[in-house]
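If you count by the UniProt record's numbering, then the sequence shown holds residues 1 to 119, one letter each, in order. From the three backbone atoms N, C-alpha and C, an ideal C-beta is built for every residue, glycine too. What follows is a short report on a single structure.
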Amino acid sequence: MSEDLHALQRRLAEFAAARDWQQYHTPKNLAAALSVEAAELVEIFQWLTPEESAKVMSNPGKAGRVEDEVADVLAYLLQFCEALGIDALAALAAKIERNESRFPAVRSARPDRPREGEE
1 MSEDLHALQR RLAEFAAARD WQQYHTPKNL AAALSVEAAE LVEIFQWLTP EESAKVMSNP
61 GKAGRVEDEV ADVLAYLLQF CEALGIDALA ALAAKIERNE SRFPAVRSAR PDRPREGEE
């Protein structure tokens with residue numbers, strides 16, 4: 001990644017401050033905006049088959065839309081974290097650790113794949 005997460009978070013905060021938007025960037029408003037942008041991302045995939053959705057980035061028009069919506073989702077998530085003082089990377093690392101404990105790795109193969117040593 002070209003810029004680290006904290007630098008992008010600062011850049012977003014400066015962008016909002018330069019436009020006097022902080023008054024609107026309450027946790028409630030940012031959570032709502034995040035939800036709307038996530039829904040716009042889902043909308044791109046809404047009626048696609050699994051195969052079509054896997055190939056969406058090969059269509060330049062759709063790829064651009066997907067990238068824009070991903071950027072919007074990430075921007076609102078970072079602004080939400082800024083508003084509440086959440087370190088997004090630390091929160092993610094802690095969640096992965098909890099999930100690793102809750103959901104231990106399964107060593108057996110999926111039913112459609114041979115187990116190790118079988119072919």
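Can you name the start and end residues of the alpha helix (DSSP H) that Val56 belongs to? From DSSP, Val56 is part of no alpha helix (DSSP H); its letter is neither H nor E.
Measuring only the C-alpha atoms, how far is Phe103 from Asp87? Whole-angstrom Cα-Cα distance: 24 Å.
Own chain partners of Ala17 with C-beta closer than 6 Å, once the 5 adjacent residues on each side are dropped: Around Ala17, the same chain offers no residue with a beta carbon nearer than 6 Å, after the five sequence neighbours per side are excluded.
Three or more C-beta pairs below 8 Å linking the region 11-29 and the region 41-61: Judged by pairs of C-beta atoms under 8 Å, the region 11-29 does not touch the region 41-61, as fewer than three such pairs exist.
Cβ-Cβ separation, Leu30 to Ala91 (assumed contact under 8 Å), whole Å: Actually they do not touch by this definition, with Cβ atoms about 15 Å apart.
For Ile44, I'd like the list of residues in its chain whose CB is within less than 8 Å of its CB, leaving aside the five on either flank, ordered along the chain. For Ile44, the CB contacts under 8 Å within the same chain, skipping 5 residues up- and downstream, are Val56, Lys62, Arg65, Val66, Glu69 in chain order.
Candidates Ile96, Leu48, Leu78, Asp4, of which the one nearest Ala33 by Cα: Looking from the CA of Ala33, the closest CA among Ile96, Leu48, Leu78, Asp4 belongs to Leu78.
Just to confirm, are Ala75 and Leu12 a CB contact at a threshold of 8 Å? Leu12 is positioned such that its CB atom lies closer than 8 Å to that of Ala75.
Identify, in the order they occur along the chain, each residue of the same chain with its Cβ nearer than 7 Å to the Cβ of Lys28, setting aside the five sequence neighbours on each side. Only residues of its own chain outside the window of five on either side were considered, and among them none has a CB closer than 7 Å to the CB of Lys28.
Leu48 and Val73 closer than 8 Å at C-beta: Cβ atoms of Leu48 and Val73: not closer than 8 Å.
Lys28: CB within 7 Å of a non-hydrogen atom of the ligand SAH: Ligands displayed in this structure: none; no statement on the ligand SAH is therefore possible.
Using three-state DSSP, classify Gly64 as helix, strand or coil. Correct three-state label for Gly64: helix.
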